[in-house]
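Presented below is the structure to which this report refers.
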Amino acid sequence: MIQKNIPKLALGVILLLAVAASAPHAFAQSLGSAGTVTGVVADPNGAVVPGAVVKIENPVTGYNRTANTDKDGSFRFGDVPPNTYQLTVAASGFSPSQERLDVRSSVPISLKVALTVAGAETEVTVTDTLNTIENVPTSHTDVDQTLISKLPMRSPGSGLSEAITLSAPGVVADSNGLFHPLGDHAQTSYSIDNQPVSDQQSKAFSTQLPPEAVQSMEVITGATPAEYGDKTSLVVNVITKSGLGQTKPTGSFVTTYGTFGDIGQNASLAYGKKRVGNFVTLNFERSGRFLDAPEFTVLHDRGTSFNVFDRLDYSPTGKDTFHGNLFLARNSFQQPNTFDQQALGQDQHQLVRSVNLAPGYVHVFSPHTILTVNPFYRLDQVWYFPSPNSFSDETTTISQQRRLTNAGIHADVAYVNGIHNAKFGVQFQHTFLTEAFQFGITDPNFNDPASDSFLPGLLQFDLTRGGHLFTFNGHTDIKQEAVYAQDALTLKNLTLNLGLRFDNYDGISHGKSFQPRLGASYLVKRTGTVLRASYTRNFETPYNENLVLSSATGAGGLADGILGAASNESLKPGRRNQFNVGMQQAVGKHVVFDVDYFHKHTTNAYDFNVILNTPVTFPISWSQSKLDGISARVNLTNYHGLTAFMVAGHTRARFFPPESGGLFFNSDLPTGVFRIDHDQKFEQTTQVQYQFQQWKRLAPYVNFTWRYDSGLVAGAVTDYATALGFTPDQQAQIGLFCGGFVATPTQGITQCASTNRGALRVRIPADGAENDDTNPPRVAPRNLFDMSFGTDNLLRTEHTKMTLRFTALNLTNKKALYNFLSTFSGTHFVSPRVFQGQVGVTF
């Protein structure tokens, strides 16, 4: 289906470009929350100044763009991310002009810059300190392409997720590029050029936008504006690259080679005029370690990822702009094996295909009012294939076919005037879910009729006893409607965010909710301090991945003991109250510090469960959760070529039974409050980059990244006696030891009289000391170090430049776990040391 549609989509793009080529002169407006800055530069007599150099920059994110005024003295910057900027104008014979600029809306900002003659007395206001801070109630991190391009990427097909994990505070790293924001399980919404995407984007579930397509990201963790819904623990506002104004084609071609047979190739091209522009990027990755494996040794883990992203911008008039985003992607990969599975000949693999089409329309009613309309269509198809020989699959043989289609429209009106920056919007969407699932027992000991744990309902699906495959087929249509209003009021040094959102959810379950969103921030100019506080009410919708399967409860469903225990209820929407208190402090001209405390209380708190050690996962919910913690960020802006940042987080993620919805498989139901397996005491990322100033034409640099994770909860290892019951391979995975002996995949430990006992990669509580809430078992802490060095202009040329980079990931070859027998994803090791070499051409 996807391949058949590609020629039609390509033809549509070509026809649209042909129409655009004959259109009259116009200026395109930015899409989504991105801003547009226009202006005219004049001399003291009011005459326009052509050829003036206009520069807009943010020292914290590294965002930096330059334009020259045309013959009319005009300049324009499009797709400017929401932030605070310094605008500088310079022209021969005139004194430079500087002013602070706040971009907070898609409504265009129009400036009139009056230059003074060089040598004339002028009053200069020093604003360097205030240019590094933002007087907004929202707790967020701004990430620009200049940083994204230098971050270490260790997981193929997960570059966007890795960039978020490394650059945003309070984000816990998990396997396969997955992350957990502020104590929640992957509850993240993306707004990609104003298109809402709230389904999971990790490569085990879907595909994701390549980092090469991203111009900037705003990662929101607190005081979420009313325009965002569904999953609000983390909101990622993405602005993609555009070809508008690129009268000379710009682009790059980069090839990467690395350990495990890794190869990556990316080609990007941007080209356009004032009225039309196009950006396209193609990305291919192949790896012998595509997924994080259950063994440190790589077994059966090859995979490939391919995607194409294209953005077209076209303005038929000065007040109307059309945009179109097209994304096609495919991931194909093997399911990595343990030593035991490899010995059995297990050969499972997965295929994921995605199509995303998101046109957009922007109309300017007046200098104060702008309309944005965004229809969207997104399709994810997932196939999970068992081994050709069913009895090569350990314990059970499982297959799955899943289809998720999301279609809808998002429209809003933005109004900016005086103290008001308001937005009013609506959103309608349908999510169509089609799921098929098959399994059969292949191990005669798994459900032995002679066992006390024998489940009679499973006997008919025991292939070792003449049974047949269990087959499940399900479908549903989820309808969602939302309406919202928000206004940011600027009252001198005080900023107030007032918002109200209403959501209606009509799916397998039903729910509706009004959600007030309130926030305030205050700027103390004398000290360069911003104080902020907020309260938000959030309506959390269930995960869509395998929602039909997990909701097949009750008589005749999966709750009859076929797969495991289940509640009698389908998953219902959750309600959350969230409080944030924080501050931002500028320290001189080059350092900015941000800290935020959050407290979240959720009714119907979501989690995921998994069928054995497979990617067949499904959502569940608990009665409630209480999450709180601290997130912090420190940035060092460019100081003689040196830049650095540190992000950190501490979280307490407490969940309360009973289970309130969905299947529960793999482990016993907890009886009291417990720490969920994405609870982590502390994590931090520190990155330092130095751009050598001595050889500016060569542009050499060196990067160093340090990632520390204190360890996720590993609830399967409650004490040492429990670990003695594991298979030898499982004991070897955690590094179980007794005295001087460490378990191996072929020789385990069945008893231990020594007091010198424990595990190298899991922290097991002392006998009798384990407590699910206050002292749970955890994965051992890990320090990972990455380093890269290279040049952005190897041949020291002016226009077409050759780039070269060498990277070492996990520099010390640390042997560590992400998780162990997790009820969400099983067991996964951190990647062994990887060396990469990259060569490219930019123009």
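When you number the sequence shown by the working numbering, it's gap-free, plus one each residue, and the end is 850. Glycine residues also receive a C-beta, built at the ideal position from the N, C-alpha and C atoms.
When the options are compared against residue i, the one with the closest alpha-carbon
i, options, result
"Ser209", "Leu705, Ile270, Ala336, Gly718", "Ala336"
"Pro163", "Ser182, Val150, Phe813", "Ser182"
"Val555", "Val641, Ser156, Gly668", "Gly668"
"Thr73", "Thr91, Leu154, Val60, Asn642", "Val60"
"Gly42", "Leu108, Ala54, Thr95", "Leu108"
"Ala365", "Ser558, Thr403, Asp320, Val389", "Asp320"
"Gly415", "Ala193, Thr624, Phe267, Gln434", "Gln434"
"His597", "Pro66, Gln408, Gly58, Lys62", "Pro66"
"Phe615", "Gly833, Ser520, Gly526", "Gly833"
"Leu811", "Glu106, Gly126, Lys157", "Lys157"
"Val369", "Gly352, His417, Arg789, Gly732", "His417"
"Phe836", "Ser322, Ala823, Thr830, Val846", "Ala823"
"Ala721", "Thr753, Ile683, Arg544, Lys688", "Ile683"
"Glu401", "Leu501, Asp347, Pro382", "Asp347"
"Glu141", "Asp387, Gly80, Asp601, Asp200", "Asp601"
"Asp269", "His192, Met160, Ala211", "Met160"
"Thr324", "Val283, Gln487, Leu94", "Val283"
"Trp390", "Tyr384, His356, Asn363", "His356"
"Asp779", "Phe681, Asp200, Gln845", "Phe681"
Proximity of residue i and residue j at Cβ, strictly below 8 Å
i, j, result
"His685", "Gly190", "yes"
"Phe711", "Met653", "no"
"Glu547", "Val179", "no"
"Gln207", "Leu167", "no"
"Phe316", "Pro217", "yes"
"Cys745", "Arg714", "no"
"Thr798", "Leu649", "no"
"Val359", "Gly367", "no"
"Gly310", "Phe842", "no"
"Gly535", "Arg524", "no"
"Ile756", "Phe748", "yes"
"Phe392", "Ala492", "no"
"Arg539", "Gly526", "yes"
"Thr247", "Ala220", "yes"
"Ser516", "Lys607", "no"
"Val110", "Gly80", "no"
"Phe297", "Gln272", "no"
C-alpha gap between residue i and residue j, whole angstroms
i, j, result
"Thr814", "Ser104", "41 Å"
"Tyr825", "Gly581", "28 Å"
"Leu719", "Phe468", "35 Å"
"Val490", "Leu767", "52 Å"
"Asn551", "Thr136", "45 Å"
"Ile627", "Asn817", "34 Å"
"Gly561", "Val617", "Residue placement at Gly561 cannot be trusted, given a pLDDT of 43 that sits under 50; what the coordinates show is reported in the next sentence. If you take the alpha carbons of Gly561 and Val617, they lie about 20 Å apart."
"Ser312", "Val786", "30 Å"
"Phe509", "Asp494", "16 Å"
"Pro176", "Ala655", "5 Å"
"Met809", "Gly69", "22 Å"
"Arg533", "Asn138", "14 Å"
"Leu351", "Ser399", "5 Å"
"Asn413", "Phe439", "6 Å"
"Leu378", "Pro89", "18 Å"
"Asn52", "Gly126", "16 Å"
"Arg840", "Ala739", "20 Å"
"Pro395", "Gln388", "21 Å"
"Asp484", "Ser761", "59 Å"
Near the ligand ZN: residue i beta-carbon under 7 Å from a heavy atom
i, result
"Asn584", "For the ligand ZN, the structure offers nothing, since it holds no ligand at all."
Below-8 Å beta-carbon distance, residue i vs any chain D residue
i, result
"Gln208", "Here chain D cannot be found, since the structure has a single protein chain."
### Length at least 4, wholly inside the stretch 661-708: the alpha helix (DSSP H) runs in chain order
Runs of the alpha helix (DSSP H) spanning 4 or more residues and lying entirely within the stretch 661-708 do not occur at all.
### Query
Should the stretch 254-263 be called in touch with the stretch 236-246, which here means at least 3 C-beta pairs below 8 Å?
Between the stretch 254-263 and the stretch 236-246, the count of Cβ pairs shorter than 8 Å is below three; the stretches do not touch.
### Query
Is the stretch 334-353 touching the stretch 298-312, taking contact as three or more C-beta pairs under 8 Å?
yes
### Message
Would you call the stretch 107-118 in contact with the stretch 359-376, where contact means no fewer than 3 C-beta pairs closer than 8 Å?
### Response
yes
### Task
Please confirm if the stretch 267-278 is in contact with the stretch 93-109, defined as three or more CB-CB distances below 8 Å between the two stretches.
no
### Message
Quick test of the definition: if touching needs 3 or more C-beta pairs under 8 Å, does the stretch 766-779 touch the stretch 725-735?
### Response
In this structure the stretch 766-779 touches the stretch 725-735; the number of beta carbon pairs closer than 8 Å is three or more.
### Task
Decide yes or no for the touch test of the stretch 144-153 against the stretch 223-232: beta carbon pairs closer than 8 Å, at least 3 of them.
yes
### Message
Check whether the stretch 420-438 and the stretch 454-465 are in contact - that is, three or more C-beta pairs closer than 8 Å.
### Response
no
### Task
For the stretch 284-335, list the alpha helix (DSSP H) runs that are entirely contained and at least 4 residues long, ordered along the chain.
Whole alpha helix (DSSP H) segments, 4+ residues: zero.
### Task
Give a yes or no on contact between the stretch 444-452 and the stretch 473-485, applying the rule of three or more CB pairs nearer than 8 Å.
Segments in contact, yes.
### Segments assigned beta strand (DSSP E), at least 3 residues, entirely inside the stretch 114-202
If we require 3 residues or more, the beta strand (DSSP E) runs fully inside the stretch 114-202 come out as 116-121, 146-151, 178-180, 186-188, 195-199.
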